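Numbering (the working numbering) for the sequence shown: 3 to 54. Single-structure report; data block below.
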Amino acid sequence: LHYLSIFMLRVRANMDGRHSEWVNREFCPDKEAEIGPPSKVELAAAGSALDV
Numbered sequence: 003l004h005y006l007s008i009f010m011l012r013v014r015a016n017m018d019g020r021h022s023e024w025v026n027r028e029f030c031p032d033k034e035a036e037i038g039p040p041s042k043v044e045l046a047a048a049g050s051a052l053d054v
């Protein structure tokens with residue numbers, strides 16, 4: 003991803019088998035991201051998706 007680009011994201015929250023509605027969100031890494039390594043990342047297969 004280019005750091006100076008603007009991206010349109012489609013996101014929703016999932017918890018305990020429930021989920022929110024999808025929301026479109028504009029994201030500009032240059033203005034909104036904090037640079038640095040993640041403190042902890044876990045990955046798990048979830049059918050045809052990937053839970054992060």
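Just so you know, even glycine gets a beta-carbon here, dropped at the ideal spot from N, CA and C. Source: prediction; values computed, not measured.
Does the beta-carbon distance from residue i to residue j come in below 9 Å?
{"i": "L6", "j": "N26", "result": "no"}
{"i": "E28", "j": "F9", "result": "yes"}
Given residue i, which residues of its chain have a CB within under 8 Å of its CB, disregarding the five upstream and five downstream residues?
{"i": "E23", "result": "R14"}
{"i": "L45", "result": "L52, D53, V54"}
In the DSSP output, what is residue i paired with across the bridge?
{"i": "V13", "result": "V25"}
{"i": "L52", "result": "A47"}
Within the same chain, show all residues whose beta-carbon is closer than 6 Å to that of residue i, passing over the 5 residues directly before and after it, in chain order.
{"i": "P31", "result": "Y5"}
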